[in-house]
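2 protein chains.
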Amino acid sequence: MAQQEARQRRPSIHDVASHAGVSAATVSKVLAGVTTVKPENAQRVLNAVERLAYRVDPLASDMRRAKRRIIGAIMPEFESEFFGQMVTELEGLAEQRGYTLVAASSRESEAREKEILARMHDWRVAGVVLAPVRNEHGPAAAFMKANGMTGVLIDRVLSDDAFDTVSADSAAASAEVARMLVGKGHKHILIIGLAEGAATVRARLEGFRTQALALDPSIRIDVITSEVSVEPLRSSLRDYFGRGERPTAVYSLLLKGTLVALSEFRRRGWHCPNDISLVGFDDAEWMQVTWPAIAAVVQPVRQIASEAMNLLFRRVEGAVGPPSARLEPCQVLERESVGSPGNGPHSGGGDRQQPPLS
Amino acid sequence: MAQQEARQRRPSIHDVASHAGVSAATVSKVLAGVTTVKPENAQRVLNAVERLAYRVDPLASDMRRAKRRIIGAIMPEFESEFFGQMVTELEGLAEQRGYTLVAASSRESEAREKEILARMHDWRVAGVVLAPVRNEHGPAAAFMKANGMTGVLIDRVLSDDAFDTVSADSAAASAEVARMLVGKGHKHILIIGLAEGAATVRARLEGFRTQALALDPSIRIDVITSEVSVEPLRSSLRDYFGRGERPTAVYSLLLKGTLVALSEFRRRGWHCPNDISLVGFDDAEWMQVTWPAIAAVVQPVRQIASEAMNLLFRRVEGAVGPPSARLEPCQVLERESVGSPGNGPHSGGGDRQQPPLS
DNA sequence: CAAGAACGAAAAATCGATTTATCGATTAGA
DNA sequence: TCTAATCGATAAATCGATTTTTCGTTCTTG
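Chains A and B, in that order, are what the protein sequence lines are. Position 204 of the first sequence, counted from 1, bears residue number 204 in the working numbering, the numbering being contiguous throughout. Position 357 of the second sequence, counted from 1, bears residue number 1357 in the working numbering, the numbering being contiguous throughout.
Following this line, the structure appears as structure tokens:
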């Protein structure tokens, strides 16, 4: 009976101590690598650890520290490749340093974002990687500030007066997209986006506009945005085309917009790039297998994750000084969805007529 | 100075106790909803909690329980829509019950899977939702068994002698795909898949084969699988078509296979459904905006997640009895990528010729 | 050779809660 | 009126580690 219980209960540090014939404090020191332990005793501890298959309980171990070896990660969603990769990267990086990553999805809600943050504060996490729903001025960042939490803001941020920030260099990437499209002769371009309140989306917009106008002041740039959800954007786009607007290229500032644009093209029977060109911010695996392959801006997920974790741990270890605002360079992939305007007839003839062998 | 420290340090249960003029035990009882506390004292505790903005430290709170209010979730990856949604659902479900979900990615490695599990065991999680890399017979499930952990296996599993399992009804869905394809007159069908060792992939294969042969014994079914990674599958497929094989439809048993098939079609200039039909297991958002839209089997993510959590918490609360093996029904979406064989010419004419307005 | 420094390890305090044992006061019963 | 039962609350033990304090020994050193 007692045997069974003993088999169920995991060995504690005291079990190791008594097996090794030393005190719990000594065991703790050996495991922590403190050198003031006699080699002989250290060996006995190690043997006991081995024999009992003892492992430190991270929960109990964290009890006595102010900063626990837990890192919180808050993403707007888990469903997209971008944030999925981001969590994977962050998890690996935290693990490397002996920390546990607790990831949570704010589901695109600022209210939920703040609740999650409060819960992470309850856990007394050592630090937080926050990808805010909107931008760095939301209630979540305010909460972190008010409670003296250490953290890094990523993705939908530009800079902050309290936290380090890391994001893709949206403006530079958008300028490159502008060079690409203007270079191919486009003179009427539509930009679609969501949540213009997000600083990064605005940066993407301005980065494009500035570069495009610099290259060709006569260029016409239309902008359609929707503040909240995808559906208004969809109907705005439908209306826009419905009243006869015919831009020769569309630049979507985010993935959902790319999907909306594609489905609208479908509805109208338009093909890329003959009828219209398309470039989207954010790449996805499927974009290179569809026909045509969709041109996209690739965000440097690994660099963002790694830089964010570096900055975070620097702060966790007590670094002071003004917050830094990092921008990581993107890569623009020019694929088949981009062509020159008027290259193909606006009606008739499928994309089939181009040699597809790649 | 002391003031500042006090402002930094979060209030503990003792701070609340002294503010309310009662003992810590009483505070604990009030917060736990024990009724043997005088209403007057309960009110004073509640007031103190309010004034100090006190919140229970979940870490300390969990110290004294054998099963902590933490649920572990292990997924093969976070990058796909399926597992992204799964984690989101599981997180919400755990949260509803006052538990914290700690998710980890095994990155399609059984070794890593076991390591993660060992770490979760260190945390003494109350339960684990494991989506194994291969199947229910891997080292991870064995570890759980050996250490008496409670858990539920999902997705790439059929049934187990120790744990409850929940997965999509792959066989039934595949049979429905078979009915669809055979019903449209296909007599030569190629099935592509990965990791045939995974029980579910085999179930998908057999579910399809059985139904297809029952409907038309003369049907020809070719199968191409690759044990490990995607690349061998890609080259096998290339060889297969290269030596002149011309099935009229392809059924991919998993998402990665669908992508491989599409890119191979691209390379050869084939269009769906005129040149070849395509159906894939696993749906994705992009599949309805591409041209053609890709027919797919939709897995019931929410039902799987919810059923898994129900079963898990039943076990956490001590339920005994033989493990159950649940299969949740899928939905088959017939989209444009599926047509009748010979419907369009095998060479010439794009999919453009079909009215796309949907 | 005695006082002090250095060393190694054990004892005890600590982290922040929960739970059990204990205790005093009030009420009930004989 | 005295003992027993009940009620409410406190003190103390507990969870499993870490860290500080204390305490013998041994080694220096004047």
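Note that the Cβ used here is the ideal one computed from N, Cα and C, for glycine as well.
inquiry  = Applying the 10 Å Cβ sphere with the 16-neighbour rule, what's the burial state of A/Thr36?
reply    = Classification of A/Thr36: exposed, given that the 10 Å Cβ count is below 16.
query = What are the partner residues of A/Arg326, as DSSP defines its beta bridges?
reply = A/Val166
ask   = What separation, rounded to the nearest whole angstrom, lies between the Cα atoms of A/Leu259 and B/Gln1043?
value = 54 Å
query = Going straight from the alpha carbon of A/Pro323 to that of A/Thr165, what length do you get?
reply = 8 Å
query = According to DSSP, which residues form a beta bridge with B/Ala1295?
reply = B/Ala1295 is bridged to B/Val1279.
ask   = Of the residues A/Val30, A/Leu130, A/Val27 and A/Lys256, which one's Cα is nearest the Cα of A/Ser105?
value = With distances taken between Cα atoms, A/Ser105 lies closest to A/Leu130.
task = Name, in chain order, the residues that DSSP records as bridge partners for B/Leu1333.
result = B/Ala1296
task = Would you mind sorting B/Ala1214 into buried or exposed? The rule is 16 or more other CB atoms within 10 Å of its CB.
result = exposed
query = Can you give the Cα-Cα distance for A/Phe78 and B/Ser1023, rounded to whole angstroms?
reply = Straight-line measurement puts the Cα of B/Ser1023 at about 44 Å from the Cα of A/Phe78.
ask   = Listing by chain order, which chain A residues have their CB less than 8 Å from the CB of B/Ser1105?
value = Within 8 Å Cβ-Cβ: Val87, Thr88 and Glu91.
request  = Quick one: measure Cβ to Cβ for B/Val1332 and B/Ala1171, integer angstroms, because I've assumed they're closer than 8 Å.
outcome  = Between B/Ala1171 and B/Val1332 the Cβ distance is about 13 Å, and since that is not below 8 Å, they are no contact.
Cβ-based contacts, 8 Å cut-off: residues of the region 48 to 74 of chain A near chain B = Arg55, Val56, Asp57, Pro58, Leu59, Ala60, Asp62, Met63 and Arg68
message = Can you look up A/Gly350 in the DSSP assignment and give me helix, strand or coil?
response = Here A/Gly350 scores only 37 on pLDDT, less than 50, and its place in the model is too uncertain to base an answer on.
ask   = Could you give the residue range of the beta strand (DSSP E) that holds B/Ile1154?
value = Gly1151 to Ile1154 is the span of the beta strand (DSSP E), which, as asked, contains B/Ile1154.
message = Against chain A, does B/Ala1319 count as a neighbour if the rule is that its beta carbon must be under 8 Å from one of theirs?
response = It does not; no Cβ of chain A falls within 8 Å.
task = Excluding the 5 residues preceding and the 5 following B/Ser1277 in the sequence, name in chain order all residues of the same chain whose CB lies nearer than 6 Å to its CB.
result = Ala1249, Val1338 and Gly1339
message = Quick check on the burial criterion: 16 or more other C-beta atoms within 10 angstroms. Buried or exposed for B/Asp1222?
response = exposed
query = Per DSSP, B/Gly1127 is paired with what?
reply = B/Ile1071
key: Any chain B beta carbon closer than 8 Å to A/His346   = Legend: pLDDT at A/His346 = 47, less than 50; position of this residue unreliable, no value from coordinates given.
query = Within this structure, are the beta carbons of A/Met309 and A/Leu90 separated by less than 8 Å?
reply = Taking C-beta atoms as the reference points, A/Met309 and A/Leu90 count as a pair closer than 8 Å.
task = From the DSSP output, in three-state form, read off B/Gly1257 for me.
result = helix
key: Cutoff 6 Å; reference B/His1186; Cβ partners in own chain excluding five residues on either side   = Thr1248, Ala1249 and Pro1341
key: Bridge partner(s) assigned by DSSP for B/Gly1092   = None, per the DSSP bridge assignment.
C-beta atoms of A/Ala66 and A/Val16 nearer than 8 Å = no
ask   = For A/Tyr240, does the three-state DSSP call read helix, strand or coil?
value = In this structure, A/Tyr240 counts as helix in the three-state DSSP scheme.
inquiry  = Taking the beta strand (DSSP E) that B/Gly1193 belongs to, which residues open and close that run?
reply    = His1188 to Leu1194
ask   = Any idea if A/Ser80 is buried or exposed, counting beta-carbon neighbours within 10 angstroms, 16 or more meaning buried?
value = Looking at its Cβ environment, which holds 16 or more other Cβ atoms inside 10 Å, A/Ser80 is buried.
request  = To the nearest angstrom, report how far apart B/Asn1041 and B/Val1034 are at their CA atoms.
outcome  = 12 Å
query = Touching or not, the region 85 to 104 of chain A and the region 115 to 132 of chain A, by the rule of three or more beta carbon pairs under 8 Å?
reply = yes
message = Assuming B/Arg1112 is part of the alpha helix (DSSP H), what are its boundary residues?
response = Annotation: the continuous alpha helix (DSSP H) that includes B/Arg1112 extends over Glu1110 to Asp1122.
ask   = Count the other CB atoms within 10 Å of the CB of B/Pro1039; is the residue buried (16 or more) or exposed (fewer)?
value = exposed
query = Could you give the distance in angstroms between the alpha-carbon of B/Val1027 and the alpha-carbon of A/Ala60?
reply = Within the model, the alpha-carbon separation for B/Val1027 versus A/Ala60 is close to 23 Å.
request  = Assign A/Arg51 to one of three DSSP states: helix, strand, or coil.
outcome  = Helix, per DSSP.
Status (buried if at least 16 other CB within 10 Å, exposed otherwise) for A/Asp239 = Answer is exposed; the Cβ neighbour count stays below 16.
key: First through last residue of the beta strand (DSSP E) which encompasses A/Leu213   = Segment Ala199 to Leu215 is the alpha helix (DSSP H) holding A/Leu213; no beta strand (DSSP E) there.
Within chain B, the residues that A/Ser263 reaches when beta carbons sit closer than 8 Å = Simply Gln1288 and Val1289.
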